[in-house]
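Counted from 1, the sequence shown has number 241 at position 241 by full-length UniProt numbering; the numbering is strictly sequential.
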Amino acid sequence: MIISENPSAGARTSLPQFLALVKRRKYMLTIPMLAGLGIGLAGYSTAPWSYLSEAVLVLDVRRVQALPTESVVSPLPQDSPVLRTELDVINSRMMARKVIQRLESQGIAVLTDEPSKTLLSIWTERFRDLLDGAAYAQRAASPAVDELQSSAIERRKTDILISHLRVTNDGRSYTIFISYRAPDPIYAAKVANAFGEAYLAHQIEVQQSATRRVSEWLGDKLVTLRATLETSEKAAESFRQKAGLAEANGLTFQAQRVAALNAEIVTSTGVLSLAQARLNTAIALREKNDTPALAEILASPAIQALRLEEAKVERRLAELQATGAVKSAEIPSLISEREALKKQMSDEVDQIIKSLSNEIAIAQRRRSAMEENLLEAQKELSRADQAQVEAAQLEREANANRAIYESYLTRYKQTIEQDGIAAPEAQMISMAEPASARASPRLLTWLLLGFGIGGVAAAAGTAFREAIEGALRDTKAPENTAGAPVVPAPDLRLLPTDPKKGHPYA
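Below you can see the structure in the form of structure tokens.
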């Protein structure tokens with residue numbers, strides 16, 4: 001068995017062998033790394049410059065309420081999905097278009113192409129400006145834009161603004177960070193502030209536009225409701241007039257008439273009963289040949305005169321009888337006169353009794369007429385009650401329309417009062433300032449990138465070279481007499497040396 005004089009592959013992993021490899025392949029390792037550093041410097045010099053400016057907004061958790069009424073637009077709920085939605089609103093194309101309008105109104109031109117301001121371009125432009133002073137003016141002049149390209153230019157402006165914009169939130173607060181990256185620090189700060197101001201103006205615009213739309217809708221609705229209310233009120237009043245449902249002291253005329261007729265019938269019934277009783281009494285006394293002592297009879301002037309005459313006759317008869325002149329011829333005439341007076345009084349009493357009978361008949365007919373009128377009034381009252389039900393329905397409809405109209409009118413006035421007091425639900429607590437240092441490119445980053453690329457290339461090249469040379473050495477190695485390949489002798493320079501003896505280890 002022939003033992004190779006070269007060490008095994010595992011022995012080559014020691015530090016001295018690695019250092020020897022580095023020494024042997026120093027150009028292979030150094031040149032790619034230097035080339036990588038050069039690539040990093042070239043990338044740094046050609047990378048576009050950018051500055052980062054940041055504006056800070058915070059959503060207000062408290063709202064100022066000038067009027068004790070509910071606003072048209074409800075306040076934003078303070079939760080994570082709503083906050084995320086507000087971030088999307090700021091980062092939308094709609095907001096970008098508003099920012100473009102705001103910047104152009106301030107005389108700030110919005111970039112329509114990606115800037116290529118680099119370290120190399122800056123020195124190139126400075127050198128070119130030294131040679132030709134008109135070059136700067138030629139670059140500053142804005143080219144003419146065709147109207148057909150205006151839409152594409154606006155879309156390009158919007159795309160550039162959105163691509164360089166970053167809107168974030170830390171997830172623990174209601175703070176919104178608006179950062180913008182641009183080659184000009186002043187331009188970056190203005191754009192970031194413009195996004196914040198446009199968002200605050202958008203909140204006010206949303207409230208005002210919603211309030212305006214609601215007020216216009218309420219105004220149109222009030223016209224319709226007013227017409228409906230007038231129609232319902234006229235219908236109710238017209239129906240009450242046609243049905244005769246006029247009221248006084250809370251009662252309809254039909255009800256008042258029925259009540260009055262009932263009262264009159266009760267009164268007439270009492271009067272009739274009293275007259276009937278007096279008539280019956282007078283008839284009973286008359287049958288006894290007695291003059292009834294009734295008020296009607298006693299108060300009669302004729303009866304009173306006849307009684308006076310009778311009293312005179314009675315006194316004269318009494319005087320004659322008292323003097324004893326019973327045979328006097330005057331006594332028969334006085335008796336005849338007395339009988340005639342009684343006959344006259346009897347006739348007069350009969351006339352009075354007949355008058356009482358006539359009055360009773362009149363009272364009876366009057367009561368019968370009132371009873372008939374009462375029946376007719378009750379029928380009218382029944383019809384009025386039925387009409388009152390329909391009138392009440394019309395009144396309820398009119399009252400409902402009136403309540404709706406008044407509620408809409410109140411809301412309309414409140415909405416008009418809220419039109420001028422819209423306030424944003426956020427505030428800008430930090431305006432963006434022009435950055436004093438570049439955000440990119442960074443020299444250290446590019447150097448590390450170039451060094452890494454060079455290191456990878458050097459390691460790959462060294463490994464490839466070692467593999468190729470090792471394969472060539474294995475191919476050229478002689479074989480021994482037994483046919484087995486002989487491992488080439490090791491290079492003693494690669495072996496570690498003995499510090500005491502001064503020669504390589506055997």
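Cβ atoms here follow ideal geometry from the backbone N, Cα and C, with glycine treated the same way.
Note that the structure is a prediction, hence the values are computed from the model and not measured.
message: Tell me whether Ile335, by its Cβ, gets closer than 8 angstroms to a heavy atom of the ligand MG.
response: As presented, the structure is devoid of all ligands, the ligand MG included, so that no description of it is given.
What does the Cβ neighbour count give for Asn401, buried or exposed, with the cut at 16 atoms within 10 Å? As a position in the sequence shown, residue 401 is number 401, starting the count at 1. Looking at its Cβ environment, which holds 16 or more other Cβ atoms inside 10 Å, Asn401 is buried.
- request: Determine the burial state of Leu375: buried for a count of at least 16 other Cβ atoms within 10 Å of its Cβ, exposed for fewer.
  value: Translated into positions along the sequence shown, residue 375 becomes position 375. Note on Leu375: under 16 other CB atoms within 10 angstroms of its CB, so exposed under the neighbour-count rule.
**Asked** When DSSP labels each residue in this structure, what does Ala137 get in the three-state scheme?
**Response** Stepping through the sequence shown from its first residue, residue 137 is reached at position 137. Because Ala137 carries a pLDDT of 45, less than 50, the predicted location of this residue cannot be relied on, and the following value inherits that uncertainty. Helix at Ala137.
query: Taking Cβ to Cβ, would you say Gly36 is nearer than 9 angstroms to Gly461?
result: Translated into positions along the sequence shown, residue 36 becomes position 36. Translated into positions along the sequence shown, residue 461 becomes position 461. Taking 9 angstroms as the Cβ cut-off, Gly36 and Gly461 do not qualify as a contacting pair.
Just checking my contact of Tyr174 with Val58 at CB under 8 angstroms: how many whole Å lie between their CB atoms? Looking up residue 174 in the sequence shown gives position 174. Looking up residue 58 in the sequence shown gives position 58. Taking C-beta atoms under 8 angstroms as the contact rule, Tyr174 and Val58 qualify, at a distance of about 6 angstroms.
Candidates Ser92, Ala227 and Leu34: closest to Ser163 by CA position: Taking the first residue of the sequence shown as 1, we reach residue 163 at position 163. Out of Ser92, Ala227 and Leu34, Ser92 has the C-alpha closest to the C-alpha of Ser163.
Near Arg366, what residues of its chain come up, given a Cβ to Cβ distance below 8 angstroms and the 5 sequence neighbours on each side ignored? Position 366 of the sequence shown, counted from the first residue, corresponds to residue 366. Here the set comprises Ser268.
Report task. Reducing DSSP to helix, strand and coil, say where Ile108 ends up. Result -> If you number the sequence shown from 1, residue 108 lands on position 108. Note: Ile108 maps to coil in three-state DSSP.
Take every Cβ of the segment 408-424, pair it with every Cβ of the segment 217-227, and state whether three or more of those distances are shorter than 8 angstroms. Short answer: they touch.
Less than 8 angstroms between C-beta atoms, sequence neighbours within five positions excluded: which residues of the same chain meet that for Gln260? In the sequence shown, the residue the question calls residue 260 occupies position 260. Note that residue 260 is Ala in the sequence shown, not Gln. Cβ neighbours of Ala260 within its own chain (closer than 8 angstroms, five residues either side excluded): none.
Q. How about the segment 149-162 and the segment 394-410: do they share at least three Cβ pairs that are nearer than 8 angstroms?
A. Cβ pair count under 8 angstroms is below three, so no.
Open item on the list: Looking at Gln207: is its Cβ nearer than 9 angstroms to the Cβ of Leu381?
Closed with: For the purposes of this step, residue 207 is identified with residue 207 of the sequence shown, where counting begins at 1. For the purposes of this step, residue 381 is identified with residue 381 of the sequence shown, where counting begins at 1. Their beta carbons are not under 9 angstroms apart, which means Gln207 does not touch Leu381 by this criterion.
Give the straight-line distance between the Cα atoms of Ala423 and Ala243, rounded to the nearest whole angstrom. Stepping through the sequence shown from its first residue, residue 423 is reached at position 423. Stepping through the sequence shown from its first residue, residue 243 is reached at position 243. Ala423 and Ala243: Cα-Cα distance of roughly 57 angstroms.
Exercise. Check Arg25 in the structure and name its three-state DSSP category.
Key: As a working mapping, residue 25 is identified with position 25 in the sequence shown. Residue state, collapsed to three classes: coil.
request  = Rounded to whole angstroms, what's the CA-CA distance from Tyr199 to Ile186? Just pull it up for me.
outcome  = If you number the sequence shown from 1, residue 199 lands on position 199. If you number the sequence shown from 1, residue 186 lands on position 186. The straight-line gap from Cα to Cα measures roughly 20 angstroms.
ask   = Is Leu279 near Val313, with beta carbons less than 9 angstroms apart?
value = Locating residue 279 in the sequence shown gives position 279, counting from the first residue. Locating residue 313 in the sequence shown gives position 313, counting from the first residue. Going by C-beta atoms, Leu279 is not nearer than 9 angstroms to Val313.
- Message: Using only the alpha-carbon positions, how far apart do residue 543 and Ala277 sit?
- Response: The question about residue 543 has no answer, for the chain in this structure spans 1 to 506.
| How about Glu337 and Glu319: are their beta carbons less than 9 angstroms apart? | In the sequence shown, the residue the question calls residue 337 occupies position 337. In the sequence shown, the residue the question calls residue 319 occupies position 319. No, these two residues do not count as a Cβ contact at 9 angstroms.
Requested in this report: Specify, as a first and last residue, the run of the alpha helix (DSSP H) that Leu375 falls within.
Outcome: Position 375 of the sequence shown holds residue 375. Its alpha helix (DSSP H) spans residues Glu330 to Gln418.
**Item:** Straight-line gap, Leu356 to Ala263 (C-alpha atoms, nearest Å)
**Value:** Taking the first residue of the sequence shown as 1, we reach residue 356 at position 356. Taking the first residue of the sequence shown as 1, we reach residue 263 at position 263. Cα to Cα, Leu356 sits roughly 24 angstroms from Ala263.
**Prompt:** Roughly how many whole angstroms lie between the Cα atoms of Ser14 and Pro32?
**Reply:** Indexing the sequence shown from 1 puts residue 14 at position 14. Indexing the sequence shown from 1 puts residue 32 at position 32. Using only the alpha carbons, I get a separation of about 24 angstroms.
* Determine the contact status of Leu19 and Glu466, defining contact as a CB-CB distance below 9 angstroms. => By 1-based counting over the sequence shown, the position of residue 19 is 19. By 1-based counting over the sequence shown, the position of residue 466 is 466. With contacts defined by Cβ atoms closer than 9 angstroms, Leu19 and Glu466 do not form a contacting pair.
Next on the checklist: Using only CA atoms, which one of Gln427, Phe451 and Gln17 lies nearest to Gly43?
Outcome noted: Start at 1 with the first residue of the sequence shown, and residue 43 comes out as number 43. Measuring from the Cα of Gly43, the nearest candidate turns out to be Phe451.
key: Length of the line joining the Cα atoms of Ser53 and Pro183   = The sequence position of residue 53 within the sequence shown is 53, counting from 1. The sequence position of residue 183 within the sequence shown is 183, counting from 1. Ser53 and Pro183: Cα-Cα distance of roughly 11 angstroms.
Going by DSSP, which residues form a beta bridge with Ile178?
By one-based count along the sequence shown, residue 178 stands at place 178. Paired residues: Ala55 and Val167.
Q. Using a Cβ-Cβ cut-off of 7 angstroms (strictly less than) and excluding sequence neighbours within five positions of Val271, which residues of its own chain qualify?
A. If you number the sequence shown from 1, residue 271 lands on position 271. So the list reads Ala363, once near-sequence residues are dropped.
**OP:** Quick one: grab the DSSP three-state call for Pro143.
**Re:** The sequence position of residue 143 within the sequence shown is 143, counting from 1. Its pLDDT being 48, under 50, Pro143 is placed unreliably by the model, and the measurement read from it follows with that caveat. Three-state DSSP puts Pro143 in coil, outside helix and strand.
Checklist entry - Taking the alpha-carbon positions, what's the Ser436 to Tyr27 distance? => result Position 436 of the sequence shown holds residue 436. Position 27 of the sequence shown holds residue 27. Each residue's CA atom was taken as its position, placing Ser436 and Tyr27 some 42 angstroms apart.
>> Let me make sure I understand the geometry here. Which of Ile353, Leu274, Glu348 and Ala305 has the alpha-carbon closest to that of Ala284?
In response: Taking the first residue of the sequence shown as 1, we reach residue 284 at position 284. Checking every option, the nearest Cα to that of Ala284 belongs to Ile353.
Worksheet item: DSSP three-state call for Ala426: helix, strand or coil?
Response: As a working note, residue 426 is residue 426 in the sequence shown. The three-state secondary structure of Ala426, taken from DSSP, is strand.
- request: Quick one: residues in its chain with C-beta nearer than 7 angstroms to the C-beta of Ala192, no 5 flanking neighbours on either side, listed in chain order?
  value: As a position in the sequence shown, residue 192 is number 192, starting the count at 1. Exclusion of the five residues before and after Ala192 leaves Ser53, Glu54, Ala55, Ile178, Ser179, Tyr180 and Ala432 as the residues of its chain whose Cβ lies within less than 7 angstroms of its Cβ.
In three-state DSSP terms, what is Leu245?
-> Within the sequence shown, the letter at position 245 stands for residue 245. Here Leu245 carries a coil assignment [DSSP, helix/strand/coil].
task = To the nearest angstrom, report how far apart Ala210 and Ile90 are at their CA atoms.
result = Numbered from its first residue, the sequence shown carries residue 210 at position 210. Numbered from its first residue, the sequence shown carries residue 90 at position 90. One C-alpha to the other measures close to 19 angstroms.
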